[in-house]
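Take 5 as the starting number for the sequence shown in my numbering and just add one per residue.
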Amino acid sequence: MTAPQPLVRHLVVHKLIKDPHGPAAIALRPAEMSVNAAAQRLIDHLGQRYGERKGKGYGRFEDDEDNFPMPRFMRQYVAGDIDFLALSHLMMQHLQMRAGEEQLASGGYVLIARVDDAGADCLLVVLVTEVVGMAITGDFEIVDSPQLDLSNLRVAGRIDLTAWQGGAERYISFLKGRADVAHYFKLFLGCNDVVLALKETQKLVQGLNQFAERQQLPPATRDALFERAHGYLDEAGDEGEPVALDVLVRRAWPEAPERLQSALAEDELALAGGFVPDRRAIKPLMRFKASGEHWKIEFDRSSLRAGQVIYDRERGALVLTEIPEALRQALIG
């Protein structure tokens, strides 16, 4: 079933005027745009491109609102103290300051949209540039035709207002891309993206489990996926190297790495890049561990395939075979 397209509730376009190594200026539209079919298609396309892009950063608002005023702007807007257009003007003034601080930043059209995306109230901010294409006139002449460059999305971010108001841990995402561009745009959003390695590793393991479930992988195939993923993550953790998701998916799921890449890039998972895997958190890929009121058990997934541990589905029981002699004697003694 096709996912519903985001519903655009408010939309405006402004312009950031800046050449690399030059000053920044802004040109502001004096009114909101009407959301016609073309505008809806544009936001649909940008939203899809943004969702598909790998290498996003995730975080929350910085606490220092004097230097990072975005949460103050959002509170004023949500409370009804300012309207959408006024919010966009405040955002553009702050973007001008941040872009002016980054020598290599360049300008373009800034689309700011409030969208209802699968029940989440979100603010999407995208900077797009123009490229020169070709067109044929009514007189069959070939002429230059400026158009938006929608294939090269480099600067974009998204604030999930629903998650923010609900007290979620992370509710901002942005494209990481080139470090210089990503840095000034992250500052503009007021995003603190400090990565906690343990939590990110746990989310990665969760994403692998979800992928195996949705693909309905047979046990042996699922275990092979987990073993390959564990091998890569264990090596990276041992060497202190950050996770490279493109490398992970090729090693863990060489049959269709793009499918696994897409699953791990879902916004619902909010998996950050650039973290060193915590080796404690990858153990569930290789081992089962559980406990009851009077017992604890831990065993490798491979022991199920080897028949040393048998799960009786009808009785909901585990059967252990080839138990050590010392344990056997203790049980019968």
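Every residue gets a Cβ at the ideal spot worked out from N, C-alpha and C, and that includes glycine.
{"Asked": "Where does residue 150 sit, in a helix, a strand or coil, going by DSSP?", "Found": "strand"}
{"Asked": "Going by DSSP, what residues sit across from residue 129 in a beta bridge?", "Found": "116 and 161"}
{"Asked": "Pairs of beta-carbons, one from the segment 170-188 and one from the segment 132-147, closer than 8 Å: are there three or more?", "Found": "no"}
{"Asked": "Is residue 323 helix, strand or coil when you go by DSSP?", "Found": "strand"}
{"Asked": "I need the straight-line Cα distance from residue 78 to residue 272, nearest angstrom please.", "Found": "22 Å"}
{"Asked": "Between residue 115 and residue 134, is the Cβ-Cβ spacing less than 8 Å?", "Found": "no"}
{"Asked": "Under 6 Å Cβ to Cβ from residue 237, same chain only, skipping five residues before and after it: list those, please.", "Found": "281 and 286"}
{"Asked": "Just how far apart, CA to CA, sit residue 224 and residue 311?", "Found": "13 Å"}
{"Asked": "Tell me whether residue 234 sits in a helix, a strand or coil according to DSSP, three-state version.", "Found": "helix"}
{"Asked": "For residue 37, collect the residues of the same chain with a Cβ closer than 7 Å to its Cβ; drop the 5 residues on either side in sequence, then sort them by chain order.", "Found": "15, 16, 17 and 43"}
{"Asked": "Could you say which of 60, 324, 211 and 207 lies nearest to residue 185 if we only look at CA atoms?", "Found": "60"}
{"Asked": "Taking the beta carbon of residue 3 as the centre, do at least 16 other beta carbons fall within 10 Å, making it buried, or is it exposed?", "Found": "The structure shown has nothing for residue 3, since the chain only spans 5 to 337."}
{"Asked": "Are the beta-carbon atoms of residue 11 and residue 119 separated by less than 8 Å?", "Found": "yes"}
{"Asked": "With 16 as the cutoff for other CB atoms within 10 Å, does residue 330 come out buried or exposed?", "Found": "exposed"}
{"Asked": "Which of the three DSSP states is assigned to residue 47 in this structure?", "Found": "helix"}
{"Asked": "If you compare alpha carbons, which of 257, 247, 260 and 297 is closest to residue 276?", "Found": "247"}
{"Asked": "Just mark residue 325 as buried or exposed, buried being the case when its beta carbon has 16 or more other beta carbons within 10 Å.", "Found": "exposed"}
{"Asked": "Between the segment 21-29 and the segment 123-132, do at least 3 Cβ pairs fall closer than 8 Å?", "Found": "no"}
{"Asked": "Less than 8 Å between the beta carbons of residue 191 and residue 157, yes or no?", "Found": "no"}
{"Asked": "DSSP three-state label for residue 175, please.", "Found": "coil"}
{"Asked": "Count Cβ pairs between the segment 289-302 and the segment 227-241 that sit closer than 8 Å; are there 3 or more?", "Found": "yes"}
{"Asked": "Measuring only the C-alpha atoms, how far is residue 54 from residue 299?", "Found": "48 Å"}
{"Asked": "Using the C-alpha atoms, what's the distance from residue 52 back to residue 256?", "Found": "26 Å"}
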